[in-house]
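Novice: Residue numbers (the working numbering), protein chains in the order written: chain A, 21 to 185; chain B, 20 to 128.
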Amino acid sequence: MNTFYFIAFLSVFFSILVITAKNPVHSILYLVLTFFTFTIHYILMNAQFLAIVNFIVYMGAILVLFLYTLMLINLNKESEPRKSNLVKFAGVIGGGCFLVTIVAALKAFGVSQPVVLNDPNLGLVKNLGKILFNEYLLPFEVSSILLLSAMVGAVLLATKETKTA
Amino acid sequence: METLTQNIQAIPLNHYIILCVIIFSIGVIGVLIRRNAIVIFMSIELMLNAVNLLLTAFSVYRGDATGQVFVFFIIALAAAEVAVGLAIIVMIYRNTNSIDINVLNRLKW
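1. Inspect the beta-carbon positions of Thr-75(B) and Ala-67(A) and report whether they are closer than 7 Å.
2. For the region 54–65 of chain B against the region 165–184 of chain A, do three or more pairs of beta-carbon atoms, one drawn from each stretch, fall closer than 8 Å, so that the two count as touching?
3. With respect to the alpha helix (DSSP H) encompassing Pro-159(A), which residues constitute its N-terminal and C-terminal limits?
4. Taking only runs that begin and end inside the region 81–124 of chain B, name each unbroken alpha helix (DSSP H) of 4 or more residues, in chain order.
5. Consider the Cβ of Ser-104(A): report whether some Cβ of chain B lies at a distance smaller than 7 Å.
6. Which same chain residues, not among the five before or five after Ala-185(A), have their C-beta less than 6 Å away from its C-beta?
7. Out of curiosity, what's the CA-to-CA distance linking Phe-56(A) and Asn-114(B)?
8. Considering Cα atoms alone, identify which of Tyr-35(B), Val-40(B), Ala-29(B) is closest to Val-120(A).
9. What's the call for Ile-86(A), buried or exposed, on a 16-neighbour Cβ count within 10 Å?
10. So Leu-38(B) contacts chain A; which residues on that side make the cut at Cβ distance below 8 Å?
11. Compare the C-beta of Lys-42(A) against all C-beta atoms of chain E and say whether one is closer than 7 Å.
12. Let me know if Leu-123(B) comes out buried or exposed under the rule of 16 or more other beta-carbons within 10 Å of its beta-carbon.
13. Check whether chain A comes within 7 Å of Ala-29(B), counting only Cβ atoms and requiring the distance to be less than that.
14. With DSSP as the reference, label Asn-105(A) as helix, strand or coil.
15. Please classify Leu-73(B) as buried or exposed, where buried requires at least 16 neighbouring CB atoms within 10 angstroms.
16. So Arg-125(B) contacts chain A; which residues on that side make the cut at Cβ distance below 9 Å?
17. Is it true that the region 73–88 of chain A meets the region 91–101 of chain B, where meeting means three or more beta-carbon pairs spaced less than 8 Å apart?
The following block contains the structure:
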């Protein structure tokens, strides 16, 4: 039980560091740590498939893509432009209002039931695969088209424009 | 693994919701207070992940695997979004030599 609260504290701590770090490279490294704590959350809930997918896709692919882009974009020339303190203050107030609203609404709900894993096979690959390829076959195929179009779009956007007079 | 999953048995659903809301609002604050386009993108990833964790918690709570399938689709969507978004950022950097989002206010006209 205490494991959850410790990992939850680490998640919040690292995600605060993500948005406050001055150097974007440090930000990305903190984001890696945040996603690692999320992976531990998934393991604690016995969602083993999602833990592996989160580990490989997010930490392995997406964050490497971020780092790679950051290496392409040379940020050494100028440090990051700063927002005025008033804007920062307003941003924190806005996010805090959202947090307070949701938590207050939750408090009005009263005590909730504990999360109990009734079926130990729930998050395993076998079970999820059966559901994915029976009930959700069409969305699965559509998502492959989505990935294809995203790939084409990324290549189209990022390649240097030739002379189009 | 057995002892690991025993740990979860006593955690109320509310605590999961509160954790995810805290991380989501950290993402919102990050979008609002930073001007670096890449950091804003990372804050969006943070928000997506908070939602993923909450969907998984609900899925375990209800004993219904649909939520976890949905999280799988969201992860696929996030990968597509990051690819296109980073391509746009690279293109903006090539045209303006900066990834400060305030440069983009010319899109207004």
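Every residue, glycine too, gets a C-beta built ideally from N, C-alpha and C. Small disclaimer: the values here were computed from a predicted structure and weren't measured.
Specialist: Taking the structure as given:
1. Walking along the second sequence from the start, residue 75(B) turns up at place 56. Walking along the first sequence from the start, residue 67(A) turns up at place 47. A distance below 7 Å separates the beta carbons of Thr-75(B) and Ala-67(A).
2. Between the region 54–65 of chain B and the region 165–184 of chain A, the count of Cβ pairs shorter than 8 Å is below three; the stretches do not touch.
3. Taking the first sequence and counting its residues from 1, one reaches residue 159(A) at position 139. Pro-159(A) -> alpha helix (DSSP H) spans 157–178.
4. Those alpha helix (DSSP H) runs which fall completely within the region 81–124 of chain B and span 4+ residues are 85–115.
5. Along the first sequence, one-based indexing puts residue 104(A) at 84. No, because no Cβ of chain B sits closer than 7 Å to the Cβ of Ser-104(A).
6. Counting from 1 along the first sequence, the entry for residue 185(A) is found at position 165. Residue placement at Ala-185(A) cannot be trusted, given a pLDDT of 46 that sits under 50; what the coordinates show is reported in the next sentence. Excluding positions up to five away in sequence, the list is empty.
7. Working through the first sequence from its first residue, we reach residue 56(A) at position 36. Working through the second sequence from its first residue, we reach residue 114(B) at position 95. Linking Phe-56(A) to Asn-114(B) through their CA atoms gives a straight-line distance of about 35 Å.
8. Indexing the first sequence from 1 puts residue 120(A) at position 100. From the listed residues Tyr-35(B), Val-40(B), Ala-29(B), the smallest Cα separation to Val-120(A) is found for Val-40(B).
9. Locating residue 86(A) in the first sequence gives position 66, counting from the first residue. Position check: residue 86(A) holds Phe in this sequence, whereas Ile was assumed. Phe-86(A) sits buried, since 16 or more C-beta atoms from the chains shown fall within 10 Å of its C-beta.
10. Position 19 of the second sequence, counted from the first residue, corresponds to residue 38(B). Per Cβ cutoff of 8 Å: Ala-28, Ser-31, Val-32.
11. As a matter of chain content, chain E is missing from the structure shown, whose protein chains are A and B.
12. Within the second sequence, the letter at position 104 stands for residue 123(B). Label assigned to Leu-123(B): exposed.
13. For the purposes of this step, residue 29(B) is taken as the residue at position 10 of the second sequence. It does; some Cβ of chain A falls within 7 Å.
14. Here the question's residue 105(A) lines up with position 85 in the first sequence. Residue state, collapsed to three classes: helix.
15. Residue mapping note: residue 73(B) aligns to position 54 of the second sequence, counting from 1. Counting the other Cβ atoms within 10 Å of the Cβ of Leu-73(B) gives 16 or more, which makes it buried.
16. The sequence position of residue 125(B) within the second sequence is 106, counting from 1. Simply none; closest approach about 16 Å.
17. With contact defined as three or more Cβ pairs closer than 8 Å, the region 73–88 of chain A and the region 91–101 of chain B are in contact.
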